[in-house]
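To start, the structure under review is shown below, and the notes come after it.
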Amino acid sequence: MEHGRVPRRCVLVVLDGLGDRAYARFGHKTPLAAAKTPHLDRLAALGCNGLYHAGILGQPLPSENAHFAMFGYEPCEFPGRGPLEALGAGIPVAPDEVAALAHLCSVRERDGCLYMFCDKPARVSDDEGRALFAAVAEFESRGVRFRLVRYKGCFGILALAGLPELVGTLFTDTNPMVDDLPIPEVLPLRGADAASVNTAAAVKDYLLHAHAVLSGHPVNRERERRGLDPVNALVTQRPGRLAPIESFTERHGLRGLTIASGIICPGLGRYLGMDVHLCRDTDDPGADLAARLAVARTALADHDFIHVHTKAPDEAAHTKSPEKKLAVIEALDRGIGQAIGPILDDENVILAVTADHSTPSAGPLIHSGEPVPLAVCGQGARRDAVASFDEISAAGGALGHPRGTELLRVLLNAMDRARLEGIRETPVVREFWPSPCRPFRLRGS
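Each residue of the sequence shown is one higher than the one before, starting from 25 at the first, in the numbering used here.
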């Protein structure tokens, strides 16, 4: 690094679930391509563009796995969504505990099996939720102790504890995620260890217990009297266990900050040792994003890498309305226009805008496997011929098609922090430069 030079910093704006399919109603364009986005288009024209996928083409990724790769970590290091949500929700989970997502739902019996009737039952009051969670809060079977903790509505974390030889993570989900599908049986994954085989059987015991208790609970008798669906089962998914991991600062030489709402990005940030600025969502996603960008501008004084996140496009897509997603995208573009100026004008800041994955706003898929547009702006960034920020235009950009952890490498390079391959200034090879090496000491000093 040149003597006296101010180190470059980075603001990464992630518009969650921005990518989509093309729809005839939009002239066979995606909602992003059909939307009026003059401010995003300006960023594309000012920068270097490409198509990014956090995994491999055609692979639908959830936000937590995609962000894990975007932050420069490999899939084999991923701890599971369960413990990350626990961190984000402030629910203590011991290092030796397994944590899984859990939520209450409405099921019906058919031919001796359970089927999902309603994944998100309507009109469940706060008092009802608390009472139902409390009824199945603790259980023990086959040496596995279960602890269910609610964090909002019908959603919570299921923590499993016991001897290491009895508690494992390699068992199947029981949440089909779509109504009218069967509740999957709890089974150990192929090649699972003995602890996971035992845990799968214990989870089956617990879920049978929960179904029996909830089915006869006074809350559900009263709901049925009022003509409402009973909240009579608990389903689980994405178990995992926290493990020691190299912090974001250690791995990349950057002090990181995530500015986000919800629990998954804050949970991931805490796991990786990043600072967290927790936000609230309102009914104005554009104003929310503008406020987060203003926080990012101030935070550049103390951070090298700032992740600014909005879940709004993903949530709009999950309503299965392309028109609603288009409207949200246009609102976010207005928010960017209101707040991006000071960040864009700072010659020591690299600004990147992208998404974590594609979320189709029609059809049966929850997420889909298409890549998403990426624009990188800042001093020294190549300016290509791309003038529109959308999934098709970005394909013609000079960045090409980065994948997985390559995004962080692209950003380190743009920040003039990329290590020249072959340099060995530290015992552990880092991908950033300069690395914090041990100074050469004179003998006897």
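Beta carbons: idealized from backbone N, C-alpha and C, even for Gly.
- Just so you know, the alpha carbons of P208 and A376 end up roughly 40 angstroms apart.
- Taking C-alpha positions only, A351 is separated from P84 by approximately 24 angstroms.
- In the structure shown, the three-state DSSP call for I367 is helix.
- Proximity to H331 across I374, E354 and A341 peaks at I374, based on C-alpha coordinates.
- In the DSSP assignment, P397 falls within the unbroken beta strand (DSSP E) covering V396 to C401.
- Annotation for N256: no alpha helix (DSSP H) segment contains it, and DSSP assigns it neither H nor E.
- Here D120 is exposed: its Cβ has fewer than 16 other Cβ atoms, across all protein chains shown, within 10 Å.
- C-alpha of P116 to C-alpha of G424: approximately 42 angstroms in a straight line.
- For M140, the pairing in a beta bridge is given by DSSP as V131.
- Around the beta carbon of D357, 16 or more other beta carbons sit within 10 angstroms, so the residue counts as buried.
- If you look at F329, you'll find it in the beta strand (DSSP E) that goes F329 to T334.
- Between A161 and H381 the beta-carbon gap is near 34 angstroms, outside 8 angstroms, which marks them as no contact.
- With a threshold of 16 other beta carbon atoms within 10 Å, M298 meets it and is buried.
- The straight-line gap separating the alpha-carbon atoms of A225 and H233 is approximately 13 angstroms.
- Taken in chain order, the unbroken stretches of alpha helix (DSSP H) that lie wholly in the stretch 266-338 and span 4 residues or more are 272-276, 288-295 and 309-323.
- The residues P254, in chain order, have a CB closer than 6 angstroms to that of R247 in the same chain once the five nearest residues on each side in sequence are set aside.
- If one requires a minimum length of 3 residues, the beta strand (DSSP E) runs lying completely within the stretch 43-78 are 72-76, in chain order.
- Note: A126 is bridge-paired with G180 and T260 in the DSSP secondary-structure output.
- Here the C-alpha atom of H301 lies approximately 28 angstroms from the C-alpha atom of P395.
- Between T260 and A126, the gap from beta carbon to beta carbon is short of 7 angstroms.
- A124 places its beta carbon less than 7 angstroms from that of P263.
- Here E164 has F170 as same chain residues with Cβ atoms under 8 angstroms from its own Cβ, once five neighbours each way along the sequence are excluded.
- Contact between P145 and C178 holds: CB atoms are separated by about 7 angstroms, below the 8 angstroms threshold.
- A check of alpha carbon separations from E270 across I353, A113 and Y97 identifies Y97 as the nearest.
- Bridge partners of L39 according to DSSP: T334.
- With fewer than three CB-CB distances shorter than 8 angstroms, the stretch 50-58 does not count as touching the stretch 94-109.
- For S165, there is no enclosing alpha helix (DSSP H); the residue is found in the beta strand (DSSP E) stretching over E162 to S165.
- Counting only the Cα atoms, F92 lies some 24 angstroms from L184.
- Remark: C-beta atoms of H241 and C289 do not approach each other more closely than 7 angstroms.
- Nearest Cα to L138 within the set V453, V319, V452 and H235: H235.
- The beta carbon of A379 is closer than 6 angstroms to those of L39, L42, G43 and V396 in its chain, skipping five residues each way along the sequence.
- For A376, the enclosing beta strand (DSSP E) stretches over residues V373 to T378.
- The count of Cβ pairs closer than 8 angstroms, one atom from the stretch 357-372 and one from the stretch 307-314, reaches three, so the stretches are in contact.
- Just measuring C-alpha positions, the residue of D369, E109 and I353 sitting nearest P337 is I353.
- Contact annotation, D370 with C72: C-beta distance approximately 18 angstroms; criterion of less than 8 angstroms not satisfied.
- For T223, the uninterrupted alpha helix (DSSP H) run begins and ends at A218 to S239, by DSSP.
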